[in-house]
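If you're matching them up, the sequences are chains A and B in order. Everything in the first sequence is counted per the working numbering, starting at 15 for the first residue and increasing by one. Everything in the second sequence is counted per the working numbering, starting at 330 for the first residue and increasing by one. Quick reminder that beta carbons are idealized off the backbone N, C-alpha and C, glycines included. The structure appears below as structure tokens.
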Amino acid sequence: MKVVTGVVGNDIHVVANRLIDLSLKARGYEVYNLGVNTHLEEFFDAVVETGAEVLMISSLNGEAEGWGREVKLLKSKYKNLDDVIMMIGGNLVVGSGNTEDIVARYRKYGFDLVCHQIDLNTGLDMLQSTIEERFPS
Amino acid sequence: MVSQAEKLLIDVGSTYFKVCTPTSIEQHFRDFNQDILDDLMSKCGDTISRFDKQDVHICSSANGGLSTLIIGITNSFSLKYATNIAFNSGINIIDTILFQNIEDYSVPSDLIDVVIVVGGVDSHSNLYSEKIFSYLDQLNYSNAVFVGSTQDSQSMRDNIENLVVLPNIIDDKLHIVEEHLKDYLTNLYQQDIEGKEEIKHLYEITSNQILSTPYVVNRALPHIETRVSVANPFILLDIGGATTDIHYSKDLVDENIVTENEYDRLVFKRLGVYKSRQSLILAAQSNEFVYELLLHLGVTENIYNEQTDKATKILMQLAIFLVLCKMSHYRQSYVNLRLLQINSIVLTGGITKVLSQDEVETIIAFFYRKILSSGHNPVAVMDSNYDIWTLGTKV
Numbered sequence: 015m016k017v018v019t020g021v022v023g024n025d026i027h028v029v030a031n032r033l034i035d036l037s038l039k040a041r042g043y044e045v046y047n048l049g050v051n052t053h054l055e056e057f058f059d060a061v062v063e064t065g066a067e068v069l070m071i072s073s074l075n076g077e078a079e080g081w082g083r084e085v086k087l088l089k090s091k092y093k094n095l096d097d098v099i100m101m102i103g104g105n106l107v108v109g110s111g112n113t114e115d116i117v118a119r120y121r122k123y124g125f126d127l128v129c130h131q132i133d134l135n136t137g138l139d140m141l142q143s144t145i146e147e148r149f150p151s
Numbered sequence: 330m331v332s333q334a335e336k337l338l339i340d341v342g343s344t345y346f347k348v349c350t351p352t353s354i355e356q357h358f359r360d361f362n363q364d365i366l367d368d369l370m371s372k373c374g375d376t377i378s379r380f381d382k383q384d385v386h387i388c389s390s391a392n393g394g395l396s397t398l399i400i401g402i403t404n405s406f407s408l409k410y411a412t413n414i415a416f417n418s419g420i421n422i423i424d425t426i427l428f429q430n431i432e433d434y435s436v437p438s439d440l441i442d443v444v445i446v447v448g449g450v451d452s453h454s455n456l457y458s459e460k461i462f463s464y465l466d467q468l469n470y471s472n473a474v475f476v477g478s479t480q481d482s483q484s485m486r487d488n489i490e491n492l493v494v495l496p497n498i499i500d501d502k503l504h505i506v507e508e509h510l511k512d513y514l515t516n517l518y519q520q521d522i523e524g525k526e527e528i529k530h531l532y533e534i535t536s537n538q539i540l541s542t543p544y545v546v547n548r549a550l551p552h553i554e555t556r557v558s559v560a561n562p563f564i565l566l567d568i569g570g571a572t573t574d575i576h577y578s579k580d581l582v583d584e585n586i587v588t589e590n591e592y593d594r595l596v597f598k599r600l601g602v603y604k605s606r607q608s609l610i611l612a613a614q615s616n617e618f619v620y621e622l623l624l625h626l627g628v629t630e631n632i633y634n635e636q637t638d639k640a641t642k643i644l645m646q647l648a649i650f651l652v653l654c655k656m657s658h659y660r661q662s663y664v665n666l667r668l669l670q671i672n673s674i675v676l677t678g679g680i681t682k683v684l685s686q687d688e689v690e691t692i693i694a695f696f697y698r699k700i701l702s703s704g705h706n707p708v709a710v711m712d713s714n715y716d717i718w719t720l721g722t723k724v
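Okay, here's the thing in structure tokens:
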């Protein structure tokens, strides 16, 4: 299973990015890590180039709020991304907010899995369940 | 004969040729009614005959390079990487095609020298469909090269006649792999230069390989400080008769691609002051700031119709302005340079024989003031003695 991951926008939280990379690899995923400061278009393009089944975007400084709004519009320009599992995690707002509201908002933006301030392993367990549902073996 | 260590360096451009001995540099306007070799011998025969064939080194940009059309599957990776490699190999990009929208693109009517097809990492496959073959059937091209996923190479080979298959330019970390495609394109350019009848004749005076001028200039850049006083970062403009080349440090680009080269090169094929004069004028007429620039230079648009030395000077000044516009954020293009960070603008080529330092600096100042709204003023460095080219041929 291939996963494209990286930190969206002007965000240089590289430690979290490395932890995600290592954790995904430890669970057997083939990881394409775009690193920090990644534009949304690069995420989608990387999915096209690699044939990844999962796009996992992380954000630590709240930049995702702005970029998230663009997801649906940008994704609609691609012709073969409908089956890709879209996941986002980290600290998804500037300041604080109600988690339920935040999750609902990001789902509306087009994400299948939203992990706001959730432990990494818990998030990866959620991903595993979604994969099993989406791609039953 | 002169001593064995001394070399004669010759650069054949579309408009001028230069002949450099250890003690002198000559530049001559080409006589287009004569073969290059005849023209060269009639003007510099005495000098040339003093050197052995193995001491004569020739480079040429007389044809402006090959043309390419690139078909890829994304803008951020396959098209971007192939475009970068093509430019650095001296190739001119006619168009880039995003495969998923291939039906929306018109088919160029001109003959394309080389079509590059690229896309996908090696673990991915079936990235192309019949649509690409239908498109290529309508296209008039001389060479085709596939540098995408190895899993797709057989099906591409089966469907595209005389296809050259090279290793993927995208590795399994989504990084660029330049080497194979760059060598292929550089050799193709080399063959094109050598295949030109006129250039072939030049082998009567040299036993060394004739190289492309942009290649020679680019390889001099890491050593430029040994010959010219420049402050990093800098850009180098080579404004010729047919094309304009720009060489720039990768530090000046926002979206860096990590490669071994320190400097990238970009060519504007139809921006020159002799062969490409008309397209330069068209480009000037469609730039809203040029009218004001002409006023600043004390001339009117009537200058376009004149065939005087003054008109040539003005066109050269316009070429500097237009190429800076093309590389700035004022125009969205393949790359936009961080022009506010540069400390020197190096000019080489025939332009240095025509324009004075002041005439160049007034254009640079105008550009920064009008387009970038800045008082920043990088130093213009004139490579009047062709030191950079001489250095490149010796590296």
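- Here Lys382/B is not near Thr542/B, since their CB atoms are 7 Å or more apart.
- Out of Ala612/B, Ile414/B, Val683/B, the CA that lies nearest to the CA of Phe650/B is found in Ala612/B.
- Chain A has no Cβ within less than 7 Å of the Cβ of Leu427/B.
- Taken atom to atom, the span from the alpha-carbon of Asp384/B to that of Glu335/B is near 7 Å.
- With a cut-off of 8 Å on Cβ pairs, the segment 426-445 of chain B is in contact with the segment 397-411 of chain B, counting three or more such pairs.
- Linking Val436/B to Arg698/B through their CA atoms gives a straight-line distance of about 40 Å.
- Neighbours of Gly82/A in chain B, taken as residues whose beta carbon is under 9 Å from its own, are absent, since the nearest beta carbon is some 19 Å off.
- With respect to Glu44/A, Lys16/A sits close: the two C-beta atoms are nearer than 7 Å.
- For His625/B, the nearest beta carbon of chain A is not closer than 7 Å to its own beta carbon.
- Check the Cα spacing between Asn430/B and each of Gly449/B, Ser458/B, Ala415/B, Asn413/B: the tightest is with Ser458/B.
- Note that the segment 401-415 of chain B does not touch the segment 354-361 of chain B; fewer than 3 beta-carbon pairs, one per stretch, sit closer than 8 Å.
- Note that the segment 560-571 of chain B does not touch the segment 517-530 of chain B; fewer than 3 beta-carbon pairs, one per stretch, sit closer than 8 Å.
- Judged by DSSP in its simplified three-state form, Leu74/A adopts coil rather than helix or strand.
- As DSSP reads the structure, Tyr470/B sits in a beta bridge with Ile441/B.
- Boundaries of the alpha helix (DSSP H) around Ala549/B: 542-549.
- Distance from the CA atom of Asp580/B to the CA atom of Asn561/B, rounded to whole angstroms, is 10 Å.
- DSSP places Arg594/B within a strand segment (E or B) once states are collapsed to three.
- Contacts with chain A (Cβ-Cβ distance below 7 Å) from the segment 499-513 of chain B involve Ile499, Leu503, listed in chain order.
- Cβ proximity to chain A below 7 Å picks out His453 from the segment 453-465 of chain B.
- Your pair Leu338/B and Thr722/B checks out as a contact, with CB atoms roughly 5 Å apart and the cut at 8 Å.
- At a beta-carbon threshold of 7 Å, the residues of chain B lying near Asp59/A are Thr403, Asn404, Ser405, Phe406, ordered along the chain.
- Within the same chain, Thr681 come within 6 Å of Ser713/B by CB-CB distance, once the 5 residues on both sides are set aside.
- Taking the beta carbon of Tyr46/A as reference, the chain B residues within 9 Å of it are Val450, Asp501, Lys502, Leu503, listed in sequence order.
- Each of Ser484/B, Gln686/B, Val450/B was checked against the Cα of Phe462/B, and the nearest Cα belongs to Ser484/B.
- In this structure, the alpha-carbon of Lys604/B lies about 25 Å from that of Ala709/B.
- Beyond the five residues adjoining it in sequence on each side, Phe125/A comes within less than 6 Å, by CB distance, of Met100, Ile102 in the same chain, given in chain order.
- Of the candidates Leu514/B, Leu668/B, Asp638/B, the residue whose Cα lies closest to the Cα of Val652/B is Leu668/B.
- Note that the C-beta distance between Tyr92/A and Phe58/A is below 7 Å.
- When beta bridges are read from the DSSP output, Met101/A appears opposite Met70/A, Leu127/A.
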